[in-house]
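Participant:
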Amino acid sequence: LIDSSVCEDNKTLKMINLIKNKPVLYIKNTEKDYNCTFNSKIIGPSTVLDINEKITYLLSSLKFSENSSIKIKDYILDKNEKKLKKDNSFIVVTEKEIQLLELLFLENIPLPKNKILQAVWNYSPDADTHTVETHIYRLRNKIVKEFKDESLIINTKQGYTIEKEK
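Numbering (the numbering used here), first residue to last: 219 to 384.
1) Considering residue 303, what are the terminal residues of the beta strand (DSSP E) in which it resides?
2) Look at the alpha carbon of residue 354 and the alpha carbon of residue 279, and state the distance between them as a whole number of angstroms.
3) Using the Cα positions of residue 255 and residue 269, report the straight-line distance between them to the nearest angstrom.
4) Can you give the beta carbon distance from residue 330 to residue 376, rounded, assuming they're within the 8 Å contact cut?
5) Is residue 315 buried or exposed, if buried means 16 or more other CB atoms sit within 10 Å of its CB?
6) From residue 351 to residue 337, what does the alpha carbon distance come to, in whole angstroms?
7) Can you tell me where the beta strand (DSSP E) holding residue 352 begins and where it ends?
8) Below 7 Å CB to CB, which residues in the same chain sit around residue 307 once its five sequence neighbours on both sides are set aside?
9) Taking the alpha helix (DSSP H) that residue 338 falls in, what are its first and last residues?
10) Please classify residue 376: does DSSP put it in a helix, a strand, or coil?
11) Beta carbon of residue 358, beta carbon of residue 371: below 7 Å?
12) Do the CB positions of residue 379 and residue 295 come within less than 7 Å of each other?
13) Can you give me the Cβ contacts of residue 249 inside the same chain, cut-off strictly under 8 Å, excluding the 5 residues immediately before and after it?
14) Alpha carbon to alpha carbon, how far is residue 288 from residue 305? Give it in angstroms, no decimals.
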């Protein structure tokens, strides 16, 4: 929460502008406009209710932003845009591919096919299907075609995994 008088100081202004991915609410009580970067502004005088609504909105936006993407090795999995990005390239991924990548990345151990079937597709653990293999095969093909990476999803005797960066 920043009051407009703070922006009169150049050091403070520079610090505020360096804040990335943090909600900053600027309360402006003068006509003078400072060169500050803010997520939201309130032009005073304002009520406590107005300020509370803005703070709630900013915190919700931050939480949404934090939950919308995952860093997996050199990749960014953007769940909102349904894209797996690396440098200036990307592939479009399906909802199931997002769930699969997220599950494999967040687990610390390789997952067997039946656990993946249950977690992503809500199948019975004893279901006899090639759904997991088919999805992983198609996802790997997309990744290899665009990124030339054959080792993002690893298959071990214990199951599928994405190794964490060391």
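The beta carbon of each residue, even a glycine, is placed where N, CA and C say it ideally should be.
Facilitator: According to the structure shown:
1) Per DSSP, residue 303 belongs to the beta strand (DSSP E) from 301-304.
2) 32 Å
3) Low per-residue confidence applies at residue 255: pLDDT is 49, beneath 50, and the placement is therefore not dependable, though the value from the model is reported in the following sentence. Spanning the two alpha carbons is a distance of roughly 18 Å.
4) Sure, about 7 Å apart at Cβ, within 8 Å.
5) buried
6) Roughly 15 Å between the two C-alpha positions.
7) Premise fails: residue 352 lies in the alpha helix (DSSP H), 349-365, not in any beta strand (DSSP E).
8) 364, 365
9) Unbroken alpha helix (DSSP H) run through residue 338: 331-339.
10) coil
11) yes
12) no
13) Annotation note: pLDDT 48 at residue 249 (below 50); position unreliable, coordinate value reported separately. The answer is none, since no qualifying residue turns up.
14) It is roughly 15 Å from the alpha-carbon of residue 305 to the alpha-carbon of residue 288.
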